[in-house]
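Going line by line, the protein sequences match chains A and V. Just so you know, the numbering used here puts 1614 at position 120 of the first sequence, and the rest follows in order with no gaps. Just so you know, the numbering used here puts 411 at position 210 of the second sequence, and the rest follows in order with no gaps.
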Amino acid sequence: MEELKAVGATTQFIVIKLGEEQYGIDIKYIDNIVRMQHITRVPKVDAYLKGVINLRGEVIPVMSIRIKMGLEADVETKSSRIIILKLEQHGTIGVIVDEVKEVVTLENENIEKMAYDSKDEKASFLCGVGKCEGGLISLLDLNSVVLEGI
Amino acid sequence: MDVSQYLEIFLDETNEHLQNLNTQILSLEQDPENMDTINEIFRAAHSLKGMAGTMGYKRMQTLTHDMENVFSEVRNGNIKVNADMIDVLFQCLDALEEYNTNIRESSDEGTNDNGALIKRLNVIMSGDEGENADKAAPAPQANAPAASETSESAQMFRQIKLNENQQNVLKEADRQGKNVYGLTVKVQESCILKAARAFLVFKAIEETSEIIVSDPSSQDIEDEKFDLHFSLIIISEEKLDTVVNAAKSVSEIEDVIGGVLNMNDVNSAKEADEEEAAAEQPEPAPAETTPAQPVTEAAPPAEAAPAQPTPQDQTPAPAATPAPAAKKNTANKPVVNRTVRVDIEKLDTLMNLVSELIIAKNSLVSASTMSGNSSPAVNEQIEYLESVTTSLHESVMKVRMVPIESTVNKFPRMVRDLQKKLGKKMELYMSGEETELDRTVVDQIGDPLMHLLRNSADHGLESAEVRKERGKPEVGSIFLDAYQDGNNVVIEVRDDGNGIDTKAVKNKAIERGVITPEQGENMSEKEIIDLLFNAGFSTAKVVSDVSGRGVGLDVVKSMIESLSGEVEVKSKLGEGSTWTIRLPLTLAIIQALMVDIGNEKYAISLGSIQTIEDISPADVKLVQAKEVIQLRDLVIPLVRLCDILDVPSKKNPEDNLVVVIVKKGDKQAGLVVDELIGQQEIVIKSLGKYISKCKIISGATVLGDGEVALILDANTLI
Chain A
1495 MEELKAVGAT
1505 TQFIVIKLGE
1515 EQYGIDIKYI
1525 DNIVRMQHIT
1535 RVPKVDAYLK
1545 GVINLRGEVI
1555 PVMSIRIKMG
1565 LEADVETKSS
1575 RIIILKLEQH
1585 GTIGVIVDEV
1595 KEVVTLENEN
1605 IEKMAYDSKD
1615 EKASFLCGVG
1625 KCEGGLISLL
1635 DLNSVVLEGI
Chain V
202 MDVSQYLEIF
212 LDETNEHLQN
222 LNTQILSLEQ
232 DPENMDTINE
242 IFRAAHSLKG
252 MAGTMGYKRM
262 QTLTHDMENV
272 FSEVRNGNIK
282 VNADMIDVLF
292 QCLDALEEYN
302 TNIRESSDEG
312 TNDNGALIKR
322 LNVIMSGDEG
332 ENADKAAPAP
342 QANAPAASET
352 SESAQMFRQI
362 KLNENQQNVL
372 KEADRQGKNV
382 YGLTVKVQES
392 CILKAARAFL
402 VFKAIEETSE
412 IIVSDPSSQD
422 IEDEKFDLHF
432 SLIIISEEKL
442 DTVVNAAKSV
452 SEIEDVIGGV
462 LNMNDVNSAK
472 EADEEEAAAE
482 QPEPAPAETT
492 PAQPVTEAAP
502 PAEAAPAQPT
512 PQDQTPAPAA
522 TPAPAAKKNT
532 ANKPVVNRTV
542 RVDIEKLDTL
552 MNLVSELIIA
562 KNSLVSASTM
572 SGNSSPAVNE
582 QIEYLESVTT
592 SLHESVMKVR
602 MVPIESTVNK
612 FPRMVRDLQK
622 KLGKKMELYM
632 SGEETELDRT
642 VVDQIGDPLM
652 HLLRNSADHG
662 LESAEVRKER
672 GKPEVGSIFL
682 DAYQDGNNVV
692 IEVRDDGNGI
702 DTKAVKNKAI
712 ERGVITPEQG
722 ENMSEKEIID
732 LLFNAGFSTA
742 KVVSDVSGRG
752 VGLDVVKSMI
762 ESLSGEVEVK
772 SKLGEGSTWT
782 IRLPLTLAII
792 QALMVDIGNE
802 KYAISLGSIQ
812 TIEDISPADV
822 KLVQAKEVIQ
832 LRDLVIPLVR
842 LCDILDVPSK
852 KNPEDNLVVV
862 IVKKGDKQAG
872 LVVDELIGQQ
882 EIVIKSLGKY
892 ISKCKIISGA
902 TVLGDGEVAL
912 ILDANTLI
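See below:
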């Protein structure tokens, strides 16, 4: 993420919760946030692909970040949301999150880059850690979360 | 005004002409004496030349011009058609196609002069004709008699009415010692883009001179609101000849008549003009298409008579009297409006909108049944809406359908080239060229078909000697048949060659490490043939120009699959092989049967469904540990969808089975479902790249209640 190097610049993140941990998703990738709805299962695909939903007439695949990151499966609650991401080359995909909290603006100097030699599977999906008043936010590297294994 | 707006039309028409030339030259080869063919070729070459000239593609123009000369000599009986000449002509067509591709990509024709080809064309001309060669060259262009005709009536520019302002400008120029000229430009009758021509004339003249006034007005000229001629008054420092020649250098300009205007002329011309107009008025006004000012309207009849007798290249009969000529023009106008060229993207948008409409209609249907208070009137209207949307969909589909002719037409030429290259004798027989398919499919089916034909020619057919030994006719036959079969279009490529040698394929596969020898032992013939579609597999012993690079059949397969089609091979050693391509008629909206499996809803395309049967569990037999049923003397394998889709069935095992019999080609299978929901028109949506692994699902659709249902691809289940 080259833009993180620029000094003094800021990046906006949407803070989401998966379990107890807070994660940040770069706002430029986010197309939409919708409530949990019925997901049509697609047979014979990897477990993290939950199926497809209808978003205003378009059929959009939905994946579970939890399963992808090796956490326990999603439990659907009132605060569950599907975040619709738009990735340049790979089109639109929805990811399920437990809760959407807020939007934060992080100054780039408050973002600490992750060491890449980490062997931890969960860590390889992160591109950095942001510090703000609410505590630490793990910043998701969407390209590796969404695209790995496809 | 800019020529680029004509670029699309130019490219399209050039393609058409090139295709036409290809076909005609092929038939000329068969029947060298056929005057109709020669005339047709000449016409096409001539139009090509004209169009290239209009667009300012000089190299293309030169090449077509020389080709046209050859045809013109052939037409006059001065040269005989021979094989060598046909070869050269084909090479010319290839060169033209190259120009065309260049233009499409960069709007520039490239820098290849094709001098060698032009030289060979000239050799053909001079070889048989000697001294005539030089004379022939300018023949189709300049019309000598017309040039000498500078009678007063042809100088239409003298009739231009000048307003005071313009007169002052001219007088001022005259005083400064500049020349004031009048020009009347006549465009050839066969010219297609008159406005573009006029534009080029304007451009050519403006290089040296200043255009003061034009008749009709430049706006009208730009809108093509003029007959065959227009007049200009210009101020120039150059000699009259220079200006006239500059204008004449634009192609398809039949003639340019110029004259010096002196200031007295300007005034007297105006008076004379009025007099003339007055004199002409009492005559019955001839039918004129452009509602021009009365002054100019009087001009055509006075001028048409002397201008007509100029020799025309291809008008069947030079019109004798002005009246029919005028009539012909009025009759021609509406013809232009019969067809419309539409950007394919606009059709795509239209198709998408129709899809949305159908989804909305489906929602309306389910909403009205859900609410339960549907009155008969509402139902009636919904049914009416349903029939309208279905017809609308069909109409839009039809608009998008084009005959595969445009794609397959290039194949006879290709087979001819292959014949020379491979040194085999072969003949291509085509049928069903009029079969229609969606435009996008037709555009993309060309390459796979070409691969298959080349494959048949290279691997399939034996050499003439071998064929003779085997007691086959020396000339091999390749057949290309297309026809519609239910909701599919089938294209077959068949040859009477050697067929596929399964042993050779098996050995090759083992050698290449595609399969192990043990695997090879147990493979059925069909499985072995399917190996051919493996990437990087080619049995040709020598890598040839034609095929044998090992990229071929796997590409064919993936291309056809990307069009939601499929390809199949049948082969008999020694007798030939048949490749069958099956393509869906439509890519966007289909009629489907909705079924329940477990708690999920699935759609099965109605096109592949034969019947629906109610089968007692007792009738299910086991053959080789696979479940089958017997139906009207046919043994049909059963596919339990709940197992394949990993959903628990809701049904009691003792209950009768609901079996949907689907077919693919001549094979059938019975799909066991829980419940039938009904028939519905559905819009196919792609599942996207993330979910491409699932082969049995061909797409998804949005149901009336907003839920997504998956579409089963019955073909993969058979």
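Every residue gets a Cβ at the ideal spot worked out from N, C-alpha and C, and that includes glycine.
Are the CB atoms of L290 (chain V) and I210 (chain V) within a distance shorter than 8 Å? no
Alpha carbon to alpha carbon, what distance is there between V836 (chain V) and L1581 (chain A)? 49 Å
Any C-beta of chain V sitting closer than 8 Å to the C-beta of K1538 (chain A)? yes
Using a 10 Å radius around the Cβ and a threshold of 16 neighbouring Cβ atoms, would you call E476 (chain V) buried or exposed? Confidence in E476 (chain V) is poor, its pLDDT being 45 and thus under 50, which makes the residue's placement unreliable; the coordinate value appears in the next sentence. Label assigned to E476 (chain V): exposed.
Using a 10 Å radius around the Cβ and a threshold of 16 neighbouring Cβ atoms, would you call E637 (chain V) buried or exposed? buried
For a contact defined as C-beta to C-beta under 8 Å, what are the partners of L1543 (chain A) on chain V? Y891, I892
Expressed to the nearest angstrom, what Euclidean distance is found between the alpha-carbon atoms of A561 (chain V) and G905 (chain V)? 7 Å
C-alpha gap between L318 (chain V) and N223 (chain V), whole angstroms: 17 Å
According to the Cβ coordinates, are K152 (chain V) and H430 (chain V) closer than 8 Å? Since the first residue shown for chain V is 202 and the last is 919, residue 152 (chain V) is missing from the structure and cannot be characterised.
Could you tell me which residues DSSP pairs with R1529 (chain A) in its beta bridges? A:R1575
Report the CB separation of I830 (chain V) from I816 (chain V) in whole angstroms; it is logged as a contact under 8 Å. 6 Å
Any alpha helix (DSSP H) of 4 or more consecutive residues that is wholly inside the stretch 536-597 of chain V: 545-572
Proximal residues, the stretch 1548-1562 of chain A versus chain V, C-beta separation under 9 Å: N1548, G1551, E1552, V1553, I1554, P1555, M1557
So who's on the other strand from F680 (chain V), going by DSSP bridges? V:Y630, V:R695
List, in chain order, every chain A residue whose beta-carbon is nearer than 9 Å to that of K562 (chain V). Those within 9 Å of K562 (chain V) in chain A number zero; the least Cβ separation is about 13 Å.
For the candidate residues V:M552, V:L212, V:A826, V:L662, whose alpha-carbon lies nearest to that of S772 (chain V)? V:L662
Could one say the Cβ of V752 (chain V) lies closer than 8 Å to chain A's Cβ atoms, at least one of them? Only weak support is given to the placement of V752 (chain V): the predicted model assigns it a pLDDT of 49, under 50, and the value that follows is read from those uncertain coordinates. Output row for V752 (chain V): interface = no.
Neighbouring residues, chain V, relative to G1585 (chain A) (Cβ below 9 Å): G889, K890, Y891
Check whether the Cβ of R1529 (chain A) lies closer than 8 Å to any Cβ atom in chain V. no
With DSSP as the reference, label V821 (chain V) as helix, strand or coil. coil
7 Å Cβ shell around Q292 (chain V) - same chain, five flanking residues per side excluded: L318
Local Cβ density within 10 Å of I545 (chain V), reported as buried at 16 or more and exposed below that: exposed
Should V1569 (chain A) be labelled buried (16 or more other beta-carbon atoms within 10 Å of its own) or exposed? exposed
With 16 as the cutoff for other CB atoms within 10 Å, does P818 (chain V) come out buried or exposed? exposed
Residues near R1575 (chain A) in its chain [Cβ-Cβ closer than 6 Å; skip 5 each side]: I1527, V1591, V1594
Quick check on L294 (chain V) - is its C-beta less than 8 Å from some C-beta in chain A? no
Classify V694 (chain V): buried if its beta carbon has 16 or more other beta carbons within 10 angstroms, exposed otherwise. buried
Consider the C-beta atom of V821 (chain V) and the heavy atoms of the ligand ZN; say whether any pair is separated by less than 7 Å. With respect to the ligand ZN, the structure offers nothing, as it holds no ligand at all.
Count Cβ pairs between the stretch 614-631 of chain V and the stretch 657-675 of chain V that sit closer than 8 Å; are there 3 or more? yes
Got a sec, what are the start and stop residues for the beta strand (DSSP E) P604 (chain V) sits in? 602-604
Check the Cβ-Cβ distances between V1623 (chain A) and every residue of chain V, and say whether any is below 8 Å. no
Three or more C-beta pairs under 8 Å: does that hold for the stretch 229-248 of chain V against the stretch 1630-1638 of chain A? no
Apart from the five residues on each side of it in sequence, which residues of its chain come closer than 8 Å, Cβ to Cβ, to H409 (chain V)? Here residue 409 (chain V) turns out to be Thr, not His, going by the sequence shown. Cβ neighbours of T409 (chain V) beyond the five flanking positions: S437, E438, E439, T443, V444, A447.
Between V:R321, V:A901, V:P233, which has its C-alpha nearest V282 (chain V)'s C-alpha? V:P233
DSSP puts Y803 (chain V) in a beta bridge; with which residues? V:V796, V:L911
Identify whether L1600 (chain A) lies in helix, strand or coil by the three-state DSSP scheme. strand
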